[in-house]
Each structure stands twice: as structure tokens, then as C-alpha cells.
Amino acid sequence: MPVKDTVKNVVREAIDVSLLSRAEPEDGARCVFTGVVRNHNDGKAVLYLEYEGYEEMVTAVFEEIAEEAKRRFGVTRVLIVHRLGRMEIGETSVAVAVSSPHRQEAFEACRFAIDSLKRQAPIWKKEFYEDGSSWLEGPGGCAHP
Amino acid sequence: MIIHVRLFAAIRESLGREQVALTLADGATPEDAWRELLRLDTRGQLAARRTNLAAAVNRKYAKFDAPLSEGDEVVFIPPVSGG
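Chains as they are written, first to last, in my numbering: chain A, 1 to 145; chain B, 1 to 83.
This is the structure we're talking about:
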């Protein structure tokens, strides 16, 4: 039975992954992906990151992705949380948590959700280096889903 | 009619503001709004972005030629990099 969630989709403080990992009694699998701030990109040392997002639309996009993942893969629960603001190396910027009766569809739905949000969610990442900063722009061209 | 444009990330930095209200003719589209926005871009940093830009109207992706309505919220979206 699909479950509706009340966890916030966009946060400015550290993401508490333990809040995401609840499963329903009929679930036998839980798949959690977390994206982490990395200390390098494209050959340059990264000191820290800032993420900016169009929050109201991010929330709407995440809800659509979660509903689509439940429909496509028949999983029970899909939760997506993205953090905005400044983040240090090693901190969690995004988390996707899926629970379902069996593992196969949990893995597939989790991957679908993170791949979809990277293409569709209006969020931008700015990297800070020793000698400046730059906005990263995704390789996918326009953000149209 | 008046439409509200909210500015984010690189576009916000180029224009040095977070939002702008534009007065457009009835039937105007996001393409028209973008053209108006370019008039505020005194440093000429935005024009080259058009080929790689999406538009959202009232929090949904929209086509650049879809007519806008009074009070719409428009956001221009460069290639996204969340995750």
C-alpha cells in the first residue's frame, strides 16, 4: 500500500538519514541513496559547495517523481530530501529512501528517483575553489523532463 | 499585464536581484519575458544562455511560446545541477 509522507523535501540543516529509513510492516527491503559533497571536480580541488533551488517547484517536482516511482515500480514509499545552502566536504546534499516488499524494485525505484531529480529539479550547485567559484550546469542541456 | 519573474543562481547573479515584475502585452509568452529581461542585463551576460534554457510558469516546466496570464510567476532555468 503506497504511503504518503510528511518529511520535508527541502531542508537547510543536515539531513538526518535515520528519519528516512522507516519501513512499513509489509516491506522487506529498504534502499537509501545519499549524495555527498566531494573534494574535487573536473581536476580542481573543491573547498565547499553552495546549493540554491527554486524551493516551491523543487517540492512539486520531488512529489511527482515519488508518485511516478511508486506507480512504475510498485514500491511502498519514496522519500526525497535535498539540502540547500553551504555544505562542507563529506556532508550529505541529497537523500532518496525507498521501501518495498522486495529488494529488486527498491533498487530500481531508488535509481529512477535520483536520476530523475538530477535532470528535473530546479537546483543549482556552486563550487568554491582556492582561486574563485563557479556555477555548475548539468550536461543534459535544458532541464525539460 | 504584469508577470513576476524570480531569478536564481547564475541568472540572479548576472542581474544582481532576486525578482523583477515585468509589464507585458496581453498574450505575451515566456519568450517575450526573456526578451524584456535581457533589456535589464546591462553587462550582456544573459543573451547567450537562451539556447540552453528552460522556462517554468507557476512552478511547472512550460514552453517558451505558451501564452502567459496576469500574475503568473515565471522562472528561467539554466541546466540544473542538483544531486
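C-beta: ideal position from N, C-alpha, C; glycine also.
Can you tell me whether DSSP reads residue i as helix, strand or coil?
i	result
residue 63(B)	coil
residue 22(A)	coil
residue 14(B)	helix
residue 6(B)	strand
residue 46(A)	coil
residue 17(A)	helix
residue 145(A)	Low local confidence applies: a pLDDT of 46 at residue 145(A) is under 50, so the model's placement there is unreliable, and no value is given.
residue 25(B)	coil
residue 9(A)	coil
residue 30(A)	strand
residue 77(A)	strand
Over the uninterrupted alpha helix (DSSP H) stretch that includes residue i, give me the two end residues.
i	result
residue 118(A)	103 to 120
residue 86(A)	Careful: residue 86(A) lies outside any alpha helix (DSSP H), inside the beta strand (DSSP E) at 85 to 88.
residue 65(A)	55 to 73
residue 36(B)	30 to 39
Going by the C-beta, is residue i closer than 8 Å to any heavy atom of the ligand ATP?
i	result
residue 16(A)	The ligand ATP is not part of the structure shown, which contains no ligands of any sort.
What does the Cβ neighbour count give for residue i, buried or exposed, with the cut at 16 atoms within 10 Å?
i	result
residue 78(B)	buried
residue 75(A)	buried
residue 145(A)	Note that residue 145(A) scores a pLDDT of 46, beneath 50, so its modelled location is shaky and nothing firm can be said.
residue 133(A)	exposed
residue 104(A)	exposed
residue 69(B)	exposed
residue 29(B)	buried
residue 141(A)	Low confidence applies to residue 141(A): its pLDDT is 49, below 50, so where it sits in the model is not reliable enough to give any reading.
residue 82(B)	buried
residue 36(A)	exposed
residue 130(A)	exposed
residue 139(A)	exposed
residue 19(B)	exposed
Going by DSSP, what residue range makes up the beta strand (DSSP E) through residue i?
i	result
residue 100(A)	92 to 100
residue 136(A)	132 to 136
residue 54(B)	54 to 57
residue 70(B)	Careful: residue 70(B) lies outside any beta strand (DSSP E) and carries neither H nor E.
Chain D beta carbons: is any one of them nearer than 9 Å to that of residue i?
i	result
residue 79(A)	Protein chains A and B are contained in the structure displayed, whereas chain D is not.
Among the candidates the options, whose CA atom is the shortest distance from the CA of residue i?
i	options	result
residue 63(A)	94(A), 124(A), 22(A) and 113(A)	113(A)
residue 4(B)	22(B), 10(B) and 14(B)	22(B)
residue 77(A)	30(A), 47(A) and 58(A)	30(A)
residue 17(B)	2(B), 64(B) and 37(B)	37(B)
residue 59(A)	48(A), 79(A) and 43(A)	79(A)
residue 54(A)	1(B), 45(B) and 6(B)	6(B)
residue 9(A)	93(A), 139(A), 119(A) and 128(A)	93(A)
residue 53(B)	80(B), 15(B), 20(B) and 71(B)	80(B)
residue 66(B)	26(B), 14(B) and 13(B)	26(B)
residue 45(B)	13(B), 76(B) and 74(B)	13(B)
residue 33(A)	108(A), 42(A) and 49(A)	108(A)
residue 57(A)	121(A), 44(A), 43(A) and 82(A)	121(A)
residue 14(A)	110(A), 95(A) and 102(A)	95(A)
Requested in this report: Take every Cβ of the region 82 to 91 of chain A, pair it with every Cβ of the region 16 to 25 of chain A, and state whether three or more of those distances are shorter than 8 Å.
Outcome: Too few Cβ pairs lie closer than 8 Å, so no.
Requested in this report: Take every Cβ of the region 48 to 57 of chain B, pair it with every Cβ of the region 67 to 74 of chain A, and state whether three or more of those distances are shorter than 8 Å.
Outcome: Output reads no: the region 67 to 74 of chain A does not touch the region 48 to 57 of chain B.
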